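Student: Once you've had a glance at the structure underneath, I'll fire off some questions.
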Amino acid sequence: MLYFLLSLFLCLLLSAAILACLIRALQINWAQQNKRPLGFLAPVFLTILFISIAFHFTVPRILDVVTIINKAYVIEDIEVDGDSLSRGTVRHEQRTYYYNQWRHNLEPGQSYRISYTPYSRFIVFFDDMTDLVEH
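If you read the sequence shown in the working numbering, its first letter stands for residue 24, the second for the next number, and so on.
Okay, here's the thing in structure tokens:
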């Protein structure tokens, strides 16, 4: 949970920093104080960067705050293989799920039941399916 909140905070901070740079670049353009010939294009690039960061990272995490408060996670069964597992992420059926690699240790070849947030696909809980089958 702390990992998700830290991620949310960093995304908000990054979006705010890009927005502040965008506002500053617009002020420079409006005052016609560009020192570089292509400096007038900085607001265009910063706008594209801001929209992409907000769309891919910040907005999904903000929408998932409601899910975390209500504890209404999506539950799915996945099987982890060596190719789908990387540091902090696991891929299953063309989706990437994010997890705290310092808290959870996933083993390749194991089946897990995961509970994750619907928008940012951050895994909150893991249940090892072999433990569930044995009991």
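All residues carry an ideal CB built from backbone N, CA and C; glycine is no exception. Here the structure is a predicted model, which is why all the values come from computation and not from measurement.
1) With a CB to CB cut of under 6 Å and the five nearest residues on each side skipped, what residues in its chain are close to S138?
2) Taking the Cβ atom as the reference point for each residue, do I41 and L72 lie within a distance shorter than 7 Å?
3) What separation, rounded to the nearest whole angstrom, lies between the Cα atoms of L49 and E130?
4) Looking only at its own chain, which residues have a Cβ that is under 6 Å from the Cβ of F63, when we skip the five neighbours before and after it?
5) Could you pull out every unbroken alpha helix (DSSP H) segment of at least 4 residues lying fully inside the region 63-132, listed in chain order?
6) By the three-class DSSP mapping on this structure, what secondary structure does Y26 have?
7) Take L36 as the anchor and find which of L61, R59, D151 and R84 has the nearest alpha-carbon.
Tutor: Put simply:
1) Within the sequence shown, residue 138 is the residue found at index 115, counting from 1. Excluding positions up to five away in sequence, the list reads Y96, I98, V147 and F148.
2) Position 18 of the sequence shown, counted from the start, is the residue given in the question as residue 41. Position 49 of the sequence shown, counted from the start, is the residue given in the question as residue 72. Cβ distance < 7 Å, so I41 and L72 count as in contact.
3) Counting from one through the sequence shown, the residue named residue 49 turns up at place 26. Counting from one through the sequence shown, the residue named residue 130 turns up at place 107. Taking the straight line joining both Cα atoms gives about 50 Å.
4) Indexing the sequence shown from 1 puts residue 63 at position 40. So the qualifying residues of the chain are N52 and N57.
5) 65-76 and 82-93
6) Residue mapping note: residue 26 aligns to position 3 of the sequence shown, counting from 1. In the three-state reduction of the DSSP assignment, Y26 falls in the helix class, which pools H, G and I.
7) Within the sequence shown, residue 36 is the residue found at index 13, counting from 1. Closest by alpha carbon: R84.
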